[in-house]
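Chemist: Letter 109 of the sequence shown, counting from 1, is numbered 1347 in the working numbering, and no numbers are missing.
Glycine is no exception: its CB is placed at the ideal position from the N, C-alpha and C atoms.
Quick one: the structure is below, and I'll ask about it shortly.
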Amino acid sequence: MKKNLMSVLILALVVANLVLTAILMISVVPQTKKANQLITKVCSAIDLELEGGKDNSSINIPIERLETIAIDDGASMTINLKDNGDGVGHYAVISVALAVDNKSDGYKTFGIEGVTAKKDIIKDIVNKVVTSYTIDEMKADQAKAQDEILSRLRRMFDSDFIVSVAFPTYNYE
């Protein structure tokens, strides 16, 4: 009888343990899912911060994957600069080249032909961006203008296959 009573007691404890485990799972799992979602959001925010340099041409791509595209075959563009208040009209004479990642999906979609076919739109973007800077701003921080052009081109192509914008030749007067 003692063994039978002991077996019933153990069975009751096992059932109680099972019920308490089920209650614990029902109450803890939703909270754990919420915590995991929060952790995922925090991690994605950290990733965004770590990859925040993508818009300013700081992507590290091996040199063998880069190709350059000279816009308008490297011809110079003369662009009026924003008035800096000295009463003298200033202008920039620049040529534009794009460095592209030839292994990117965007490159496979557009390729060199797709980019050169849109050279007039690209020149317009370059013109609009450079026109918004004064001669002093261009001389002091040309990279800022290049990064803004890069950002606009990436939005236009809806891809980050364009790695950087370069001014192979430039002169500010």
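My understanding is that residue 1335 touches residue 1306, with C-beta atoms under 8 Å, so please give their C-beta distance in whole angstroms.
Modeler: With 8 Å as the limit, residue 1335 and residue 1306 qualify as a contact, their Cβ atoms being about 5 Å apart.
Chemist: What is the rounded straight-line gap between the Cα of residue 1274 and the Cα of residue 1264?
Modeler: 16 Å
Chemist: Could you tell me the distance, in whole angstroms, from the CA atom of residue 1346 to the CA atom of residue 1340?
Modeler: 7 Å
Chemist: So is residue 1296 buried or exposed if we call it buried at 16+ other beta carbons inside 10 Å?
Modeler: Unreliable positioning characterises residue 1296 in this predicted model, as indicated by a pLDDT of 48, which lies under 50. The coordinate reading is nonetheless provided below. So residue 1296 counts as exposed.
Chemist: Where residue 1409 and residue 1380 are concerned, what is the direct C-alpha to C-alpha distance, given to the nearest angstrom?
Modeler: The straight-line gap from Cα to Cα measures roughly 11 Å.
Chemist: Which runs of the beta strand (DSSP E) fall wholly inside the stretch 1293-1367 and span at least 3 residues, in chain order?
Modeler: 1304-1308, 1315-1318, 1329-1332, 1335-1339
Chemist: Taking its Cβ as the centre, do 16 or more other Cβ atoms sit within 10 Å of residue 1386, making it buried, or is it exposed?
Modeler: By the Cβ-count criterion, residue 1386 is buried, with 16 or more other Cβ atoms from all chains shown falling within 10 Å of its own Cβ.
Chemist: Whole angstroms is fine: what's the gap from residue 1324's alpha carbon to residue 1313's?
Modeler: 29 Å
Chemist: Please return the same chain residues whose Cβ sits closer than 7 Å to the Cβ of residue 1393, not counting the five positions on each side in sequence.
Modeler: none
Chemist: Considering residue 1402, what are the terminal residues of the beta strand (DSSP E) in which it resides?
Modeler: Residues 1400-1404.
Chemist: Under the rule that 16 or more other beta-carbon atoms within 10 Å means buried, what is residue 1367, buried or exposed?
Modeler: buried
Chemist: My output table needs one value for residue 1372: the three-state DSSP class, helix, strand or coil.
Modeler: strand
Chemist: Taking the C-alpha atoms as reference points, what is the distance between residue 1377 and residue 1389?
Modeler: Between residue 1377 and residue 1389, the C-alpha separation is close to 20 Å.
Chemist: Is it the case that the Cβ atoms of residue 1344 and residue 1402 are separated by a distance below 9 Å?
Modeler: With contacts defined by Cβ atoms closer than 9 Å, residue 1344 and residue 1402 do not form a contacting pair.
Chemist: Grab me the residues of residue 1342's own chain with a C-beta within less than 8 Å of its C-beta, minus the 5 sequence neighbours each way, in chain order.
Modeler: 1397, 1398, 1399
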